[in-house]
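**Q** Residue numbers for the sequence shown follow the UniProt record's numbering, beginning at 1 and rising by one.
We put the beta carbon where it would ideally sit given N, CA and C, even for glycine.
Here it is, the structure in full.
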Amino acid sequence: MYACKTASYRKLYKCRFCPKADRKHRAIAHALKHHVQLDRVPFYCTLCNFRCTATVDLLHHVKQYKRHVEEVARNGITDEQTVLRQSTNPVDPNSLVEVIDMETSADDQDEEEYTTTLSYQRPMVNHGQSNSSMSNVYVLPPTSSSIAFTSTINNEGTARNPTPHLISIPDP
C-alpha cells in the first residue's frame, strides 16, 4: 500500500472513467493504459504497448526498458524506431483527468497522512457494463481499527495485501 502525504500532494487528479485518483502524471498514465484505445494514445510502442504523452518518454523507454531492449535484439530489429508510433488523432491527455482539491482541517490531522491512501491492485474495470457490482467502488482512508486488522493479518501471513478499507456502494 502506498500513502501520499497531503502536505506534499495537495492536488490530486481523478480519472474521468473510474474512481482512480493520483498525482497528475500517474492519473494520465492510468487513463491511457486502461481507458484509451491504442490508436488514440499520443505515443506508443507496438512491441510492448507502452503508452506515453511525449516523444522523449518513448525514446527513453526504448533505450532503458530492459525487456524491450532484449525483445528488439531477439526479433532482429535493427532500427528501434520501427516499433514506435505517433497517433494521427491523439486524445488530449489533460481531458482524461480532473483535479481534486484536498482540504484538510485541524480536526483530521490524525488521519491526514491517509487522506489519499491508494492501493496497488489489479484494476477493477467494469468494461461498460452498467449492471456491474463494481460500478461504484471507492477507496476510503483506513480507520485505526482497519490498520490494526491489517497488521494482524500481515503478521500471521494469511494474506499478502488485505484491503479492509475497500467498500462497494450499491447503485441508487
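Since residue 236 is in the beta strand (DSSP E), which residue starts that stretch and which ends it?
**A** Residue 236 falls outside the range modelled here, since the chain spans only 1 to 172, and no answer is possible.
**Q** Among the candidates H25, K14, L47 and V41, whose CA atom is the shortest distance from the CA of G76?
**A** Within the sequence shown, residue 76 is the residue found at index 76, counting from 1. Nearest of H25, K14, L47 and V41 to G76, Cα basis: L47.
**Q** By Cβ distance below 7 Å, which residues in the same chain neighbour I147 in space, the five residues on each side in sequence not counted?
**A** Within the sequence shown, the letter at position 147 stands for residue 147. Residue confidence for I147 is low, a pLDDT of 44 falling below 50, so the modelled location carries little weight and cannot support an answer.
**Q** Helix, strand or coil: how does DSSP classify K24 here?
**A** Sequence index remark: in the sequence shown, residue 24 carries index 24 (1-based). Of the three classes helix, strand and coil, the one that applies to K24 here is helix, per DSSP.
**Q** For R51, which option in E80, T82 and A31 has the closest C-alpha, if you only look at C-alpha atoms?
**A** Numbered from its first residue, the sequence shown carries residue 51 at position 51. Taking only the C-alpha atoms, the option nearest R51 is A31.
**Q** What does a CB cutoff of less than 6 Å around K14 pick up in its chain, not counting 5 residues either side in sequence?
**A** As a first step, residue 14 is located in the sequence shown; it is residue number 14 there, counting from the start. Closer than 6 Å at the Cβ level, and outside the excluded window around K14, lie A21, E98 and I100.
**Q** In chain order, what are the residue ranges of uninterrupted alpha helix (DSSP H) at least 4 long that sit wholly in the region 16-101?
**A** 24-35, 55-64 and 66-74
**Q** Do three or more CB pairs link the region 85-95 to the region 34-43 at distances below 8 Å?
**A** yes
**Q** In whole angstroms, what separates the C-alpha of E80 from that of L38?
**A** Here residue 80 corresponds to residue number 80 of the sequence shown, with the count starting at 1. Here residue 38 corresponds to residue number 38 of the sequence shown, with the count starting at 1. C-alpha separation (whole angstroms): 19 Å.
**Q** Leaving out the 5 sequence neighbours to the left and right, which residues in its chain are closer than 8 Å to Q64 when beta-carbon positions are compared?
**A** Counted from its first residue, the sequence shown places residue 64 at position 64. Result list for Q64: empty, nothing under 8 Å.
**Q** With 16 as the cutoff for other CB atoms within 10 Å, does A54 come out buried or exposed?
**A** Taking the sequence shown and counting its residues from 1, the one referred to as residue 54 is at position 54. It counts as exposed.
**Q** Please work out which residues of its chain come closer than 7 Å, Cβ to Cβ, to F17, disregarding the five sequence neighbours upstream and downstream, and give them in chain order.
**A** For the purposes of this step, residue 17 is taken as residue 17 along the sequence shown, with counting starting at 1. Residues A31 and H35 of the same chain have their beta carbon placed closer than 7 Å to that of F17, with the five preceding and five following residues left out of the count.
**Q** Can you check whether the CB of A29 is closer than 9 Å to the CB of L12?
**A** For the purposes of this step, residue 12 is identified with residue 12 of the sequence shown, where counting begins at 1. For the purposes of this step, residue 29 is identified with residue 29 of the sequence shown, where counting begins at 1. Cβ distance not < 9 Å, so L12 and A29 don't count as in contact.
**Q** By Cβ distance, which residues of its chain are closer than 8 Å to D92, with the 5 residues on each side in sequence left out?
**A** Here residue 92 is taken as the residue at index 92 of the sequence shown, counted from 1. Closer than 8 Å at the Cβ level, and outside the excluded window around D92, lies no residue.
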